[in-house]
Structures are given as C-alpha cells and as structure tokens.
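Counting in this note's numbering, the sequence shown runs from 16 upward without gaps.
Every residue, glycine too, gets a C-beta built ideally from N, C-alpha and C.
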Amino acid sequence: AQGNPEFELVLPDGETGLHVNSRLIGAHHIGNLLAAAAAAWAAGVPGTDIAASLSTQSAASRWRMERTERADGVTIINDAYNANPESMRAALRTLADLGRGRRTWAVLGAMLELGPDSIREHTAVGTQVVRLNISRLVVVGREARALYVSAVQEGSWGDECVFAETADDAYALLNAELEPGDLVLFKSSNSVGLRHLGDRIALPPQTTEPADEGSELL
16 AQGNPEFELV LPDGETGLHV NSRLIGAHHI GNLLAAAAAA WAAGVPGTDI AASLSTQSAA
76 SRWRMERTER ADGVTIINDA YNANPESMRA ALRTLADLGR GRRTWAVLGA MLELGPDSIR
136 EHTAVGTQVV RLNISRLVVV GREARALYVS AVQEGSWGDE CVFAETADDA YALLNAELEP
196 GDLVLFKSSN SVGLRHLGDR IALPPQTTEP ADEGSELL
C-alpha cells in the first residue's frame, strides 16, 4: 500500500533476492527494519525468514501510524499514541509524502514533558508544517499554541491554520470541512487525547461514536 516501506534486502554475506514489503507506514521505519534484519542475520536466521518476518511486522499497538480509509474517500492516519519532536517531524514528512496530489491536514496537539525546550520545539514544528506545504493545520489545546503562532508567522496563513481550544471544537471544524480525498494526520502526546479525536473522525458520517475508553479529550 502507499506509504509502506518496500525494498530489496541485501545481507552481509551477499545474499540477495529478498523482497520486503512492510505493513508499517512511513519511510522512517526503514532504519528500524534494517536494524532488526541485522540482528536476525547475526543470530543465524535464514535470509528468507528475515524478509518474511519484516514483511509481517505491524505497529506494536493502536494509534501508531494507524491508517483508516473512510468510505467517502477521506484517509485518516492516527499517530497520536505519543509524540516527541523527532516522531512529530517523521509523521509530518510521511503526511507530505503520502499527500502528494491530495489536500493534507495536520491535526496536532502538544508534545509534553519537554521542559524549557517546549516553546522552541513547538515553534520548530509549526515552521516545518508550512515548509512541507501541508494544506491545512489544526492546532488543538493551549499547550500547543506556540506551534500555531509559529505557523502563522512563517506562512502568513489565513484560514489554512486554525487554533482550536478543545478537541470538540476541532471535531466540529473537521466534520464540516473534510472532503473526499483528504488525508488527515492526528499527532500529539498520549495524555492530550487526540487519538480519540482521530477515532471519531475515522467513523463513517452520522454513525454512533465509540466509547473513549475513559480518557478525556483535552
């Protein structure tokens, strides 16, 4: 599928012809797959078994680059299990790569526990969103406001960048404005709760929403 790493594995002993078609989403997973292949080869695992295993690897849990295709053509990538600056940058690059020729949305919440680096790191993410030419940015929650401010200052955006106080506000906006063919990324630290917003948006229109497993939405 689009966005899944696919490559030919060449082992240190020269063995070739090992095709890997990963179920993971995003080119940033290739390094981890190669590290796993190296460890398996060092342990004596046959090359064909290594390639087969890498091709069946999937996310360790829900909300890690989890893709949902809605019947109306909207694609959801819910990567809001957790967030730090590195994973946020990787997720945004994946959104830009997958979204060529489509309208892309980044729905972003705070990266927590960054201490004195918080404003600087959120500012850098806002700048990256603009420079990657993401179509629309929705920033959710006051703790992520620096991200919104930096995007506005970098791109002089108008309606392309929206600040939502709560996840319910973001839901109302997305529910009203998403169109067939749109690609939407959800990304935040776990306790911010955007993974549940992603689940709500992934539902077909006018269906009952799932229980949120006891977690607050901001």
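Assignment of valine 199 by DSSP, reduced to helix, strand and coil, places it in the strand class. Under DSSP, leucine 123 shares a beta bridge with Val154 and Lys202. Our two residues, alanine 217 and arginine 104, have alpha carbons roughly 23 Å apart in a direct line. Annotation: the stretch 24-88 contains the following complete segments of the alpha helix (DSSP H) (minimum length 4 residues), in chain order: 45-57 and 62-71.
The continuous beta strand (DSSP E) containing threonine 90 extends over residues 90-93.
Sorting Asp94, Thr119 and Glu30 by C-alpha distance to the C-alpha of proline 61 places Glu30 at the top.
Annotation: the continuous alpha helix (DSSP H) that includes valine 144 extends over 133-146. Scanning Asn99, Leu189, Ala53 and Asn19 for the CA closest to the CA of serine 37 turns up Asn19.
Here valine 145 really is in contact with alanine 166; their C-beta atoms are around 5 Å apart, less than 8 Å. Per DSSP, valine 167 is one residue of the alpha helix (DSSP H) stretching across 160-170. In terms of Cβ geometry, alanine 182 and glycine 208 form a close pair [threshold 9 Å]. Linking proline 27 to valine 35 through their CA atoms gives a straight-line distance of about 16 Å.
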